[in-house]
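Count the sequence shown with the numbering used here and you get residues 11 to 211, in order.
Contents: one structure, followed by commentary.
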Amino acid sequence: MPDFRHDTRAIADLADTYANASADLWDGLASAVQSVRTINGQRINLDRALIAAVGYGDTAADSFERGGPYLVRGTQDLQSTSQLLNEYSPEFDCTFRGVVRAAPALAKAIGGNGYSLSGPGTLVGAANPYVYPDNLPRVNASGGPMGRPGCWQVTKDILPMPYLVLDTGASIAPYNHIGLNSPLVADYVWGRQLGEQTINP
C-alpha cells in the first residue's frame, strides 16, 4: 500500500506538470504544423535547391580533384615558412612590446600634431660595394641574454646587466686605415683598375 500511494502521488504530480505545460505543447504542435505546411508549399523550390546543390557538388569535386595536387604542394611549401615563424615566435612578442614603447617617442619625433616632422638629418656617401666572399654574413648567434631567451627591459633592477655573446663578425674596433672609397669614378667608367675588390685594407 505505501508504494501504491507513492505511485499515485507521482502520477498526480506528472498529470499536473502536463496540465501546466499543455498550452506550450499545443503551441509547439501548431508551429510544427505551420512549418510542415511551409515546407509543403515550397517543395518545388526545395527540389530546385537540392538539384542545384548536387550540381555544385559535382563542380566543386572536379575543382578540388584538379587543384588537389597544387593545394598539397602549397601546404608543403608553407611548412618551411611556418617552421621559421615558429622558431622566431618569441621575438615577435619583444618586437610588439618595443613598438608600443617606441610609439610615443615616434609620434613626438614626427611633430605629434599630424602634419609636421622634426628630426636631424645628414648626407653621407655610399658604403663600399658588396664583395664576395668577404661580405658573407656570419650567423653564429643564438639564445638570448646570458644564453636565455627573454624580452629584457632596462630598469634600475636589472643589475648586473645581462649580456649576450655573439659571433657575427662585427667588431667595435675603429677602422683606422687610410684609403679611398671604392669604387671610384674611374671604376664606373673603365672598370676596376687597381687590384681586386676587397674589404680588407
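C-beta: ideal position from N, C-alpha, C; glycine also.
Here DSSP, grouped into helix, strand and coil, assigns LEU176 to coil. Counting along the chain, LYS118 sits inside the alpha helix (DSSP H) bounded by residues 99-119.
With contacts defined by Cβ atoms closer than 8 Å, GLY129 and ALA119 form a contacting pair.
When DSSP states are grouped into helix, strand and coil, THR27 belongs to the helix group. Of ASP177, ASN123, ARG19 and LEU81, the smallest CA-CA separation from VAL149 is found for ASP177. A distance below 6 Å between beta-carbons, with the five flanking residues on each side excluded, links ALA31 to no residue of its chain. For ASP87, the three-state secondary structure derived from DSSP is helix.
For ARG53, the secondary structure class from DSSP, reduced to helix, strand or coil, is helix. Remark: C-beta atoms of LEU39 and ILE49 do not approach each other more closely than 8 Å. When secondary structure is reduced to three states using DSSP, SER126 falls in the coil class, being assigned neither helix nor strand. In the three-state reduction of the DSSP assignment, ASN145 falls in the coil class, being assigned neither a helical nor a strand state. Take the alpha-carbon of THR132 and the one of PHE74: they are about 57 Å apart. In the three-state DSSP reduction, VAL134 falls in the coil class, being neither helix nor strand. In the three-state scheme derived from DSSP, where H, G and I count as helix and E and B as strand, PRO139 is classed as coil. TRP200 and GLU101 have their C-alpha atoms spaced approximately 47 Å apart.
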